[in-house]
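Residue numbers (the working numbering): 2 to 234.
Beta carbons are placed, not taken as given, at the ideal position from N, Cα and C, and that holds for glycine.
Take a look at the structure below.
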């Protein structure tokens, strides 16, 4: 007896292809808006208009703005990972490798401020809220994107420890996560360019700090944290 299963399967596959293409189009439009004007105050209506659809169609493909932003962040993270991998391969010396990896993170964040905004916006949300607002698949992709960057750093740290170049009092994965989180904060400081200090007890003043100074600080801090001399103090 003849069936229409092959035709049905073909239509389903075609529909799935169209769905993935539309999702990619929406994410690309979101990325374009982020890069041109930043993350703050971006609305679903603005993204839908950029694609040439109405907001209801956006919600057919994403559970909400948080999920769309998370998947847009994945694209930044993939680019960041490539930059960190290239930096890691630039030297066989453990200290030079670590300096290059941290430097590449800072350089990417300075070049893509929307990445910093997007990453920070998701980081400040409690984990249970993200689980409620982002579906399992997109959340997995986000986690994989973050860990792919952290792994480049943690593997460089672990290799340095194994060869005796580094001494750590904590797990390399923990240090990699801490450097990632503190790096996002430092990148925000570089964007502001403002350094608050005291000119006298209780009297604050505002100075300037450049992106180059922030980069140098992040690199030197990372190297200081793994210094064998520090571990012996």
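The C-beta distance from residue 208 to residue 190 rounds to 12 Å, too long to meet the 8 Å contact threshold.
Excluding the 5 residues flanking it on each side, residue 102 has same chain C-beta neighbours closer than 7 Å at 85, 88, 89, 153, 154 and 157, in chain order. When rounded, the separation of the alpha-carbon atoms in residue 27 and residue 61 is 11 Å.
In the DSSP assignment, residue 76 falls within the alpha helix (DSSP H) that extends over 66 to 89.
According to the DSSP assignment, residue 45 belongs to the alpha helix (DSSP H) that extends over 45 to 52. Between residue 112 and residue 185, the gap from beta carbon to beta carbon reaches 9 Å or more.
A residue is called buried when at least 16 other Cβ atoms come within 10 angstroms of its Cβ; residue 161 meets this threshold and is buried. Each residue's CA atom was taken as its position, placing residue 45 and residue 203 some 45 Å apart.
DSSP, reduced to helix, strand and coil, places residue 212 within a helical segment of the structure shown.
The C-beta of residue 229 has fewer than 16 other C-beta atoms within 10 Å across all chains shown, which makes the residue exposed. DSSP places residue 197 within a strand segment (E or B) once states are collapsed to three. A direct Cα-to-Cα measurement between residue 149 and residue 177 gives close to 11 Å. Sequence-distant partners of residue 98 (beyond 5 residues in either direction) whose C-beta falls short of 7 Å from its own C-beta, in its chain, are 89, 92 and 157. Here residue 143 is near residue 74, since their CB atoms are less than 9 Å apart.
In this structure, the beta-carbon distance from residue 49 to residue 40 does not fall below 9 Å. Buried is the label assigned to residue 67, since at least 16 other Cβ atoms lie within 10 Å of its Cβ.
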